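Visitor: Here it is, the structure, as structure tokens.
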Amino acid sequence: MEKSNQIPKKHKIIEPNRKGYAIVGKNSGKPNKIYFETFGNGPKKILFITGFLSSSKGWCKQIDYFTNKSDQYEICVFDNRGIGKSNIDSKYSYNFSTKSMANDAIDLLENTLKWDKAHICGLSMGGMASIHLSSIIPEKVQSLVIACVPNGYFIPLFSMGAFNYIRALFFTFNEKKKARIFQSLMYSDNYLDEKTNGSNETRSEQMFKKNSTGFKDDSPSFLTILGHQIGYITNKFSKKSLDVIKKHSIPTIVINSKKDSLVTTDITIKQIVNPLKPLKFHLIEGGHLSQLENPTFFNSLVENHVDKHSSLNSSTFFQFEKQQKYQHKSFVTQIILNSKKFLSSNSLLSSSSFLNYKTLKSFLNKIKV
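For the sequence shown, our numbering gives the first residue as 653, with consecutive numbering after it.
The following block contains the structure:
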């Protein structure tokens, strides 16, 4: 599996073509400003939604990649309420549910970006918000990419990684020890133990000098941390919400990482893949933050999916697939009918020593077409 092993000593700064604050939450009676940036001016629009207590800097590898194709794509990243540059003094600077996160993203999409349609890509808790968004405004979602997403963390599908995350967040007070726990939950051990750029320090040691994930941001408030934790644990996709996505034939792929201890493969399959029935389920190398650890492969999956479903209307695509399946079924049906007709009209076969005529005829007659 292709994997990027090198990170630059200093991440290059790419200037957005648009940045500022969007007012969201007016309809809910909890207005707040969230910070956003857009890159590129292409016709394909991608909204990236980040996860638990993470700022939009977590999409830096995707910004790098898609900005190099700015004539094809316009992407938007933003900081959720209470995170990064959206950590402003407001009594509503936090969310207690992933659905309210989705509504913030919808307000940004409709009122500030004014995009008619968009491709949605969400990671972890951002993936939860992406699913809610897609079920609320399915007509505006061209395609959906969700990575490392559970459906809440109630027992029995509560991973040991999630337990350790909570333990580190609320009950570990040594900052260095807390950072190490977070690192091991976010990335694979192989990635953390690598020495990069000719340094004698491991990537883990380099990250700790910045913070646990490699980026320095203002610390979120207690209410923001509590709100994200409650939202993450209590998230629940109703059957109705998932049915909306399927009913509107939103082309969806699900990505999970082999070394993800927070959202293990069995959790993803049981909670997301089986009920949602996406077009494809990709299992890739890396830990929970696969968009940072394995950006080359992650970006290629996003790009291929977006490209495939940009020029072709999603409902048209699914009608085409259904038609192909119908044609295939009709072809097989015709073969069976012809075989039955042939066996009935050829008495010579009944005496053939090389063919059990009665068994074959009985088998075909049992097939309902």
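The C-beta atom is built at its ideal place from N, Cα and C for all residues, glycine as well.
None of the values given here were measured: they were computed from a predicted structure.
Taking DSSP as the reference, what is the three-state secondary structure of R855?
Guide: helix
Visitor: Does the distance from the CB of T690 to the CB of N669 come in under 8 Å?
Guide: yes
Visitor: Going by C-alpha distance, which of F889, H880 and K769 is nearest N803?
Guide: F889
Visitor: Rounded C-beta distance between D756 and G879? I'm assuming under 8 Å.
Guide: Not confirmed; about 12 Å, so no contact.
Visitor: In the region 908-973, which residue ranges form an unbroken beta strand (DSSP E) of at least 3 residues, counting only runs that do not cross its ends?
Guide: 932-936
Visitor: If you scan the region 658-715 from start to end, which runs of the beta strand (DSSP E) of 3 or more residues do you find wholly inside it?
Guide: 670-676, 684-691 and 696-701
Visitor: Using a Cβ-Cβ cutoff of less than 6 Å, which residues in the same chain neighbour T764 once the five nearest sequence positions on both sides are dropped?
Guide: A674
Visitor: Taking 8 Å as the CB-CB limit, is N816 close to chain C?
Guide: Reference to chain C is not applicable here, since this structure consists of a single protein chain.
Visitor: State the CB to CB distance for the pair V793 and A820, rounded to an integer number of angstroms; the pair is presumed to be in contact (CB under 8 Å).
Guide: Contact doesn't hold; Cβ gap of about 35 Å is too wide.
Visitor: Leaving out the 5 sequence neighbours to the left and right, which residues in its chain are closer than 8 Å to I666 when beta-carbon positions are compared?
Guide: F691, I715, D716 and T719
Visitor: Would you mind stating whether I902 and K932 have Cβ atoms separated by less than 8 Å?
Guide: no
Visitor: Just to confirm my understanding: we take K737, look at its own chain, exclude 5 residues before and 5 after, and list those with CB closer than 6 Å. What are they?
Guide: Y687 and D731
Visitor: By the three-class DSSP mapping on this structure, what secondary structure does S795 have?
Guide: strand
Visitor: On a CA-only basis, which of R832, I885, S840 and I788 is nearest H900? Give me that one, please.
Guide: I788
Visitor: Given this structure, state the Cα-to-Cα distance separating K830 from F823, to the nearest angstrom.
Guide: Separation of K830 and F823 (C-alpha to C-alpha, rounded to the nearest whole angstrom) is 9 Å.
Visitor: Could you give the distance in angstroms between the alpha-carbon of V915 and the alpha-carbon of D768?
Guide: 32 Å
Visitor: Whole angstroms is fine: what's the gap from G710's alpha carbon to Q943's?
Guide: 8 Å
Visitor: Considering only residues of the same chain and omitting the five flanking positions on each side of K911, which have a CB-CB separation below 7 Å?
Guide: For K911, same chain residues with a beta-carbon under 7 Å away, outside a window of 5 residues either side, are S840, G938 and G939 in chain order.
Visitor: Where does the unbroken alpha helix (DSSP H) through I783 begin, and where does it stop?
Guide: M777 to I788
Visitor: Along the alpha helix (DSSP H) that carries I885, what are the first and last residues, could you check?
Guide: F874 to T886
Visitor: Could you give the C-beta distance for S708 and I783, rounded to a whole number, given that I count them as a contact under 8 Å?
Guide: About 20 Å separates the two Cβ atoms, so there is no contact after all.
Visitor: Terminal residues of the continuous alpha helix (DSSP H) containing I758?
Guide: T750 to D759
Visitor: How would you call G672, buried or exposed, if buried means at least 16 neighbouring beta carbons within 10 angstroms?
Guide: G672 counts as exposed, since fewer than 16 other C-beta atoms from the protein chains shown sit within 10 angstroms of its C-beta.
Visitor: Looking only at its chain, what residues have a beta carbon closer than 6 Å to the beta carbon of H961, apart from the 5 residues adjacent to it on each side?
Guide: Q794, S795 and P903
Visitor: Put T719 into one of helix, strand or coil per three-state DSSP.
Guide: helix
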